[in-house]
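Read through the structure below, which is laid out as structure tokens, and then see the notes.
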Amino acid sequence: MPSPRLRRAAVLVLEGAKPLDVGIPAQVFTTRASMPYEVRVCGAAPGLVTGGDGLSYHVAHGLDALAWADLVFLPGYRSPDVEDPPRTVLDALTAAHDRGARLAAISTGAFALAATGLLDGRRATTHWHYTRALAAKHPGVRVDENVLFVDEGSVLTSAGAASGIDLCLHILRGDLGVAASNHAARRLVAAPYRSGGQAQYVPRSVPEPLGERFAATREWALRRLGEPLTLETLARHAAVSARTLSRRFVEDTGYTPMQWVMRARIDLARELLERSERGVEQIAAEAGLGTGANLRLHFQRILGTTPSEYRRTFARGE
Numbered sequence: 001m002p003s004p005r006l007r008r009a010a011v012l013v014l015e016g017a018k019p020l021d022v023g024i025p026a027q028v029f030t031t032r033a034s035m036p037y038e039v040r041v042c043g044a045a046p047g048l049v050t051g052g053d054g055l056s057y058h059v060a061h062g063l064d065a066l067a068w069a070d071l072v073f074l075p076g077y078r079s080p081d082v083e084d085p086p087r088t089v090l091d092a093l094t095a096a097h098d099r100g101a102r103l104a105a106i107s108t109g110a111f112a113l114a115a116t117g118l119l120d121g122r123r124a125t126t127h128w129h130y131t132r133a134l135a136a137k138h139p140g141v142r143v144d145e146n147v148l149f150v151d152e153g154s155v156l157t158s159a160g161a162a163s164g165i166d167l168c169l170h171i172l173r174g175d176l177g178v179a180a181s182n183h184a185a186r187r188l189v190a191a192p193y194r195s196g197g198q199a200q201y202v203p204r205s206v207p208e209p210l211g212e213r214f215a216a217t218r219e220w221a222l223r224r225l226g227e228p229l230t231l232e233t234l235a236r237h238a239a240v241s242a243r244t245l246s247r248r249f250v251e252d253t254g255y256t257p258m259q260w261v262m263r264a265r266i267d268l269a270r271e272l273l274e275r276s277e278r279g280v281e282q283i284a285a286e287a288g289l290g291t292g293a294n295l296r297l298h299f300q301r302i303l304g305t306t307p308s309e310y311r312r313t314f315a316r317g318e
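Take 1 as the starting number for the sequence shown in UniProt numbering and just add one per residue.
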């Protein structure tokens with residue numbers, strides 16, 4: 001049988017592009033056995049593009065890459081609130097979107113996406129330093145400054161550079177499943193899952209070592225998802241009160257402790273559905289969800305699909 005067509009991803013390098021923002025999608029989606037994507041780095045025209053932070057880029061492709069791509073990344077760039085990208089770039093982005101491509105902005109790349117008008121009436125985010133500027137320049141956009149990324153289906157936006165990794169892993173989870181996303185996260189030495197709804201930053205007057213303590217508790221819980229886990233159990237491991245754990249946990253992860261445990265169990269169930277032939281009842285028990293009915297209930301609530309449909313979509317070898 002012929003090999004399936006690689007998914008096509010374009011990374012659009014604008015004047016003043018930030019190096020991390022360019023490099024993240026180019027590296028995450030680079031073609032390899034576990035990553036069935038072809039990546040083209042492009043600009044308004046082939047050739048040299050002056051970037052930010054003392055770097056420049058030599059891109060092999062022009063805007064024709066946007067007509068080719070299924071997924072277009074818009075890395076952040078310097079002074080986005082001063083001048084919009086050229087009209088030819090905005091028109092090419094709009095045409096790609098109209099053709100069915102997804103457009104994903106990292107950091108201040110949201111300004112270029114907003115300049116097309118495609119974010120009007122939709123939620124979006126950008127780096128926290130620029131959220132007010134984005135709202136002022138594009139009042140039709142519902143700017144959310146307290147999230148890591150926003151998925152509006154055909155248009156996606158993320159906060160600063162590191163959250164670009166979160167956005168890329170989120171896209172991978174949707175395209176290829178949680179196992180592929182976790183594999184990519186391990187390759188990048190990155191957190192495998194951070195909620196898009198997690199706050200960009202949590203200002204504290206006095207830094208406290210609670211983040212590290214809770215990270216250890218999360219790791220501890222991940223190794224015991226099949227066992228009973230309660231708020232009191234987690235608080236006891238973290239050596240804090242249940243009330244303190246609840247408050248701080250939301251700040252760190254965007255979820256309450258038990259919401260986080262439920263999502264971790266669903267992710268474990270997803271991996272077992274992808275990688276094993278176990279039945280739904282067995283998977284539910286191994287993931288700490290009790291019964292198949294309970295697994296189906298939470299699977300539908302969180303993922304909007306059923307375990308059997310998920311397995312048909314993402315099972316290994318399909």
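Glycine included, C-beta positions come from ideal geometry on N, C-alpha and C.
A contact is defined here as three or more CB-CB pairs under 8 Å, and the segment 122-139 meets this definition with respect to the segment 155-168.
The DSSP assignment places complete alpha helix (DSSP H) segments of no fewer than 4 residues inside the segment 145-196 at 161-176 and 178-188, in order along the chain. In this structure, V59 is the residue among I266, F29 and V59 with its C-alpha nearest to the C-alpha of V41. Counting C-beta pairs with one atom in each stretch, the segment 105-122 and the segment 31-46 have fewer than three that are closer than 8 Å, which means they do not touch.
Excluding the 5 residues flanking it on each side, H183 has same chain C-beta neighbours closer than 8 Å at S34, in chain order. One thing to note: R247 has its Cβ no nearer than 8 Å to the Cβ of L273. Around the beta carbon of V178, a 10 Å sphere encloses 16 or more other beta carbons of the protein chains shown; the residue is thus reported as buried. Taking every protein chain shown into account, the CB of D120 has fewer than 16 other CB atoms within 10 angstroms, so this residue is exposed.
Membership of E38 in the beta strand (DSSP E) is indicated by the continuous run Y37 to C42.
Each of G16, L66, L55 and R187 was checked against the Cα of Y77, and the nearest Cα belongs to G16. Spanning the alpha carbons of T108 and V72 requires a straight line of approximately 15 Å. Restricting attention to R301, R122 and H138, the CA atom closest to the CA of F149 is found in R122.
Taking a C-beta distance under 8 Å as the contact criterion, L55 and P19 qualify as a contact pair. Bounds of the beta strand (DSSP E) holding F73 are L71 to L74. R218 counts as buried, since at least 16 other C-beta atoms from the protein chains shown sit within 10 angstroms of its C-beta. Here the segment 253-264 lies against the segment 221-240, with 3 or more beta-carbon pairs under 8 Å apart. Between A67 and V39, the C-beta spacing is not below 8 Å. The DSSP assignment places complete alpha helix (DSSP H) segments of no fewer than 4 residues inside the segment 243-306 at 257-275, 280-286 and 292-303, in order along the chain.
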